[in-house]
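In our numbering, the protein residues as written are 342 to 535.
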Amino acid sequence: MTKMEKVEFLTTAVNSQGFPKNRSYPEIAVVGRSNVGKSALLNHLFKTKGFVKTSSTPGKTRAIQFFLTDDTLLFADLPGYGYAQVSKGEKKKWQELIESYLETHPSLILFLLDCRRTPTQEDLMMLEWIRANNISTLAIITKVDKLKQSERVKQERLISQFLGEIPYILYSVPKNRGRSPLLAQIREVLFPCS
Ligand SMILES: Nc1nc2c(ncn2[C@@H]2O[C@H](COP(=O)(O)OP(=O)(O)OP(=O)(O)O)[C@@H](O)[C@H]2O)c(=O)[nH]1
Ligand SMILES: [Mg+2]
């Protein structure tokens with residue numbers, strides 16, 4: 342179920358008309374600010390390199406990419422918010438796209454936060470939206486390889502205070518950290534009886 346033995350790219354959506362027609366699978370939405378590591382996390386989870394597009398240029402993912410794994414689970418890689426270098430009109434379009442997707446109520450949200458950063462106003466808006474809509478959420482603190490132990494502990498405390506009751510996992514793609522606990526959590530939330 343969460344073996345990640347088969348990974349298929351399903352479709353790209355720039356608006357709600359582009360969402361997959363078959364919505365009978367449990368869906369996992371990957372959200373967070375631009376450059377936080379959403380696409381890299383999915384490649385790591387899928388054990389695919391370069392399959393999900395990652396970028397050193399923030400704000401590159403301007404659409405939602407949908408993936409189906411093991412014929413059972415749908416992943417949505419959402420565009421990142423908070424990228425300053427885009428026009429107001431474009432920002433509004435992305436925001437509408439993210440909102441229209443989240444309103445379809447995915448089964449689980451993976452809410453990514455960069456370990457080096459203080460959560461922003463937009464992260465707070467996301468958190469409040471998650472609470473208001475009561476959707477199962479797992480936070481992922483990304484890029485933990487980028488901080489020394491002492492700094493990491495400090496940042497973990499700050500971010501966990503921000504998250505409150507929401508559970509979180511520390512993640513690093515190059516150190517191969519966080520993948521197994523994340524898969525275990527996904528199983529527990531989405532397939533509790535299996
Ligand atoms: N050191 C390190 N770098 C990472 C990690 N995860 C992601 N990155 C790097 O961070 C950059 C951004 O990663 P992406 O996965 O493209 O970020 P994104 O959240 O998908 O960005 P948008 O699609 O623009 O919203 C890339 O250069 C990744 O290689 C990590 O765990 N450790
Ligand atoms: Mg991306």
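For each residue, glycine too, the CB sits at the ideal point set by N, CA and C.
None of the values given here were measured: they were computed from a predicted structure.
Just verifying my parser: in three-state terms, what is the DSSP assignment at residue i?
i: residue 408; result: strand
i: residue 310; result: Summary: the structure shown does not reach residue 310, with the chain confined to residues 342 through 535, and so no result is reported for it.
i: residue 465; result: helix
i: residue 392; result: coil
Candidates the options: which alpha carbon is nearest residue i's?
i: residue 393; options: 420, 403, 386, 380; result: 380
i: residue 372; options: 485, 517, 452, 516; result: 452
i: residue 514; options: 490, 378, 368; result: 378
i: residue 424; options: 523, 356, 433, 500; result: 433
i: residue 474; options: 484, 448, 486; result: 448
i: residue 465; options: 503, 457, 517; result: 503
i: residue 446; options: 366, 528, 488, 529; result: 366
Buried or exposed for residue i, going by 16 or more other Cβ atoms inside 10 Å?
i: residue 498; result: exposed
i: residue 375; result: buried
i: residue 431; result: exposed
i: residue 384; result: buried
i: residue 534; result: exposed
i: residue 545; result: One cannot answer for residue 545 here, as it falls past the ends of the chain, which runs 342 to 535.
i: residue 407; result: buried
i: residue 505; result: exposed
Is residue i close to chain D? Criterion is C-beta to C-beta, closer than 8 Å.
i: residue 484; result: The chain labelled as chain D is not found in the depicted structure, where only one protein chain is given.
Could you check the C-alpha separation between residue i and residue j for me, to the nearest Å?
i: residue 405; j: residue 437; result: 12 Å
i: residue 454; j: residue 409; result: 24 Å
i: residue 416; j: residue 462; result: 26 Å
i: residue 510; j: residue 532; result: 19 Å
i: residue 484; j: residue 496; result: 12 Å
i: residue 354; j: residue 370; result: 14 Å
i: residue 507; j: residue 478; result: 7 Å
i: residue 527; j: residue 343; result: 8 Å
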